[in-house]
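Each position in the sequence shown, counted from 1, maps to that position plus 12 in this note's numbering.
To start, the structure itself, in structure tokens.
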Amino acid sequence: MDLRALRYFIETVRRDSFTQAAQALNVTQSTISKMVRQLEEEIGSPLLIRHTRGVQLTDVGRVVYEQGQHALGAMQGLQREVADLTRLHSGELTLGLPPMVNGFFPPLIQRFRARHPGVRLSVEEAGGDVIEARVAAGELEVGVSVLPLHAPAVSQAGATLATAELGRFPICLVATSDAPWTKLKRPGLAHLDGLPVVVPAEGFALGRHLREAWQRAGVSPKVVAQSSQWDFLLSMAESGMGTAVLPQPLLQRLNLPRHLVVRALPARELSWVVAHVWAADRYLGHAARAWLSCCGAQ
């Protein structure tokens with residue numbers, strides 16, 4: 013099986029578009045279409061149903077997509093291991109970072125570049141749950157997420173993930189002064205019951221942790237908006253739309269309007285635990301090991 017064709021197919025499914033896959037892979041759309049057709053001919057069955065809104069996997073296509081991710085991950089691991097043996101002073105590392113944690117990393121990146129100027133470091137932004145799944149599937153060597161990990165995504169990939177904590181921080185409520193909890197010095201999750209809230213979107217670890225914490229506390233806030241952009245969540249809180257729930261380090265980097273009230277949730281109810289994540293049962297390349305060492309994670 014042509015691994016390049018498999019890679020093009022997987023990227024097309026992931027982006028739900030031949031055009032976007034071609035742009036991501038820096039090839040023409042006709043090249044993508046040709047390679048996917050060749051893969052279908054080799055397998056002897058259609059893999060995709062093409063329509064104007066995107067693509068849809070056939071039953072055979074779903075199997076090829078799921079197993080193909082494992083195959084590509086294994087091949088990338090092999091390529092990294094061979095490259096490490098021949099180019100110990102060079103290499104590449106793609107680090108998966110959630111947007112809410114990227115404020116931590118400029119000093120670490122600067123330190124890493126000073127120690128390893130021959131290694132090319134790039135960053136891909138995604139939600140923590142997405143990053144965990146990509147690390148588990150072998151698509152990323154190292155990522156950053158928020159503990160505890162998203163067990164279903166990790167189990168589905170059949171991987172064992174290792175973690176190294178970077179820091180533990182409060183989670184804060186942010187709203188205008190007319191929100192009922194703003195009169196309290198130490199509000200808890202119970203004080204959000206039935207109130208409008210704006211929270212991180214699906215795929216972000218903090219959003220999942222919030223929903224799990226609400227379930228444990230037996231409360232049901234009214235989610236009126238979700239977003240992957242923290243500045244949008246703050247804008248919603250500033251407009252009085254609801255309470256934003258965000259980590260303290262992010263808020264400390266901003267000049268918040270004076271009419272916004274900020275209160276930290278009790279640590280026993282919810283904390284923001286930022287950690288590196290990598291596959292414990294898979295070869296870790298030289299650049300990835302050097303990054304973790306630079307950050308004190310190994």
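Each residue gets a CB set at the ideal place from its N, CA and C atoms; glycine is no exception.
- The beta carbons of Leu-258 and Cys-184 sit closer together than 8 Å.
- Ile-143 is positioned such that its CB atom lies closer than 8 Å to that of Gly-108.
- In this structure, the beta-carbon distance from Val-156 to Val-210 does not fall below 8 Å.
- Non-local beta-carbon contacts of Thr-24 in its own chain, meaning distances under 8 Å to residues more than five positions away in sequence, involve Phe-30, Ala-33, Ile-44, Val-48, Leu-60, Val-67 in chain order.
- The C-beta distance from Asp-190 to Gly-252 rounds to 7 Å, short enough to meet the 8 Å contact threshold.
- Fewer than three beta-carbon pairs drawn from the segment 132-141 and the segment 75-85 are found closer than 8 Å, and the two stretches are therefore not classed as touching.
- Positions of the alpha helix (DSSP H) runs, each at least 4 residues long and wholly inside the segment 161-217, are given as 163-169 in order along the chain.
- Looking at the DSSP output, Gln-68 bridges to Ile-61.
- Listed as beta-bridge partners of Ser-42 by DSSP are no residues whatsoever.
- The segment 173-187 makes contact with the segment 273-292; the number of CB pairs closer than 8 Å reaches 3 or more.
- By the criterion of a C-beta distance shorter than 7 Å, Met-13 is surrounded in its chain by Glu-54, once the five residues flanking it on both sides are discounted.
- In the DSSP assignment, Arg-270 falls outside any beta strand (DSSP E) and carries neither an H nor an E.
- Between Pro-269 and Arg-198, the CB-CB gap reaches or exceeds 8 Å.
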